[in-house]
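Chains A and B, in that order, give the protein sequences. Take the first sequence: its letters are residues -13 to 288, numbered as in this note's numbering. Take the second sequence: its letters are residues -10 to 213, numbered as in this note's numbering. Backbone N, C-alpha and C define an ideal beta-carbon position, used for all residues, glycine too. Just so it is clear, the structure is predicted and the values come from calculations on it, not from any experiment.
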Amino acid sequence: MDFDIKRLGFTLLGLLIVLNWGLLMNAFMRKIGARVARRIGIPWHQPWIDLFKNYSIRSQITHGLMFYLGPIFRLSGGVGIFLFMPMIITGDHWLNYSFQGDLVLIMYFQFFGMLGMALGAGEGGHPYSAIGISRGLSQFTTIEVPLTLAIISLAIQYDTLSLADIVRAQQGGFMHWSMWTNPFATAAGMLAALGTLGHSPFNLVMAPNEIPIGPPTEYHSTFLGVLQSNGAILHVVEAALFMNLFFGGATNWIEFIVKTFLIYFWSVFVGMVFPRFRIEQSVTWFLKVPLVLGVIAVVMFM
Amino acid sequence: MMVDDKNKKKFDNPHYAKREVIGPDGKSFIVDPMNDYFCDARPKVHEPNIIPAVEKFLNWARSKSLWVLGFGTGCGSIEIPPLITPRFDVFRFGIQMRPTPRQSNVFIISGYLSVKTLKRVIRSYEQMQNPKYVLALGSCTVNGGMYYDSYNTINRLDYYLPVDVYIAGCMPRPEAIIAGFNKLKELIREGKGEGANLYAKNFDWYKANQKKIIKDWNMPDYNW
């Protein structure tokens, strides 16, 4: 592939938009959480100020090389998903670097960030980090099972592993979305989305009041700033993944913003209603209903 | 172990003793927890940014994003839950609770400090990163308050930690704590919230005061 400066420029601009939209969306969701608790909540610009504050901390301590690399791996996981994810399907400006088979790479990048973070946080040496990592990895392994089954079902249905092709196949109206043509895969995928977006029933990895605060316990200042930036990007691209797979993708930025917001809100809504699961509960939960739905989705299209 | 006073109790927890251990591969190696687990390098003075406009902007961001360490000492910690719940809701003002000292900027000393707690407070304070601020609640931290003649509480907090803002009262109500936070924000925006650098500059004086009070000093002089 030859070097295309215009494409690179659009991709970087897209990353900037996604980062800022992710920060704004996080603020909205925290405000929604606050309103549910009858508080007013943070101002909408608080995530940016927190980010500036964290980057402006003067002193840093390190526990070794992997401690440095942990947040970088995590960030490259989030940015990696972004790079291979088509954002806006019309035209070819916002397709980023999606290609035939990008879905496999996106699945890989989802785990890549977590593994890098596990190594980095492990070197931090804090016992809560180790607990958070073991919980996070075991939970994510079970999340991947229904998610992968849903994706396999879609791949058989549309006969492709290219995300852009899956989105193009869903164009032409509301009833063409995979949500209607493949409801079982959508159900399995959206239940897995609750886990990947990390809100309440499945937030025992961070578990703010129990193991403060899981893997990033030792991370501070710039390290934490990198992790926060990645969190903002990751929330948007995860929502964009589900949007592309099940809800017909986006044809412009307004549609993108509305759909990603609603998909993220789905996990926040569930999180507001249901309390946190323990690790064995959440692991077995993913291996029950979502797994059965995923198997049905695959069998239907075999 | 900088215990020079003969009267002080020598700490001899077997878990912290230097010892030889045989590993799973049959080779023996030395474990010295006091050196392996802690870093005892002295704190450094971190000068503010040399460009005044940049420092002013960063100070504005710091004042708008105060992360409070969830560490309650004494009776004043009961005044913190009303702050973060609907009645007073300090999230509106950019004040958030953080469970780990690494990520916190503000340490609220919420009331009397027993000597046992002071030790934990010092460890937690030293683990916080450089721009860090101490908010002292109640008359106990000013002059001992109703515990002024107690055998195991300290009377004046700023002998041991650099305090940015005192909030008088017994106990100060949440409104008073919010007023204290506003004062702290003013100080930070004026560039006067340099408690961490003050601590680093007068490190020997603070350490001497701390060691005068804490009898079983079983930690390095400075643990980050």
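In the same chain as glutamate 115/B, and ignoring 5 residues on each side of it, the C-beta atoms closer than 8 Å to its own belong to Pro32, Tyr211, Asn212, Trp213, in chain order.
Judged by DSSP in its simplified three-state form, phenylalanine 98/A adopts helix.
Listed along the chain, the chain B residues whose CB falls inside 7 Å of the CB of arginine 154/A amount to none; the nearest CB is some 43 Å away. Tyrosine 149/B places its beta carbon 8 Å or farther from that of tyrosine 101/B.
Interface with chain A (8 Å Cβ-Cβ cutoff): serine 139/B is excluded.
In this chain, isoleucine 28/A is not harboured by any alpha helix (DSSP H), its DSSP state being neither H nor E. Cβ neighbours of glycine 83/B within its own chain (closer than 7 Å, five residues either side excluded): Lys53, Ser54, Leu55.
The beta carbon of leucine 124/B does not come within 8 Å of any beta carbon belonging to chain A, so the residue lies off that interface. The beta carbon of leucine 10/A does not come within 8 Å of any beta carbon belonging to chain B, so the residue lies off that interface. Contact between the segment 10 to 19 of chain A and the segment 57 to 66 of chain A is not established, with fewer than three Cβ pairs separated by less than 8 Å.
When C-beta distances to chain A are compared with 8 Å, the residues of the segment 88 to 106 of chain B below that value are Pro88, Thr89, Arg91, Gln92, Asn94, in chain order. Interface with chain B (8 Å Cβ-Cβ cutoff): glutamate 204/A is included.
Nearest CB-CB separation between glutamine 214/A and chain B: not below the 8 Å threshold. Here DSSP, grouped into helix, strand and coil, assigns valine 10/B to strand. Between leucine 190/A and the set Ala23/A, Gly257/A, Ala107/A, Ile137/A, the nearest pair of CA atoms involves Gly257/A. At least 8 Å separates the CB of aspartate 88/A from every CB of chain B. Glutamate 164/B is classed as exposed because its beta carbon has fewer than 16 other beta carbons within 10 Å across all chains shown.
Taking a cut-off of 8 Å on C-beta distances, the segment 263 to 282 of chain A touches the segment 160 to 180 of chain A, as three or more cross pairs fall below it. For lysine 204/B, the closest Cβ of chain A is not nearer than 8 Å. Against glycine 83/B, the close residues of chain A are Ile28, Pro29, Gln32, Ile35, in the order they occur along the chain (beta-carbon pairs closer than 8 Å). Here phenylalanine 272/A is near threonine 128/A, since their CB atoms are less than 8 Å apart. At the C-beta level, glutamine 199/B and isoleucine 97/B stay beyond 8 Å of one another.
Judged by DSSP secondary structure, serine 66/B falls outside any alpha helix (DSSP H); it is assigned neither H nor E.
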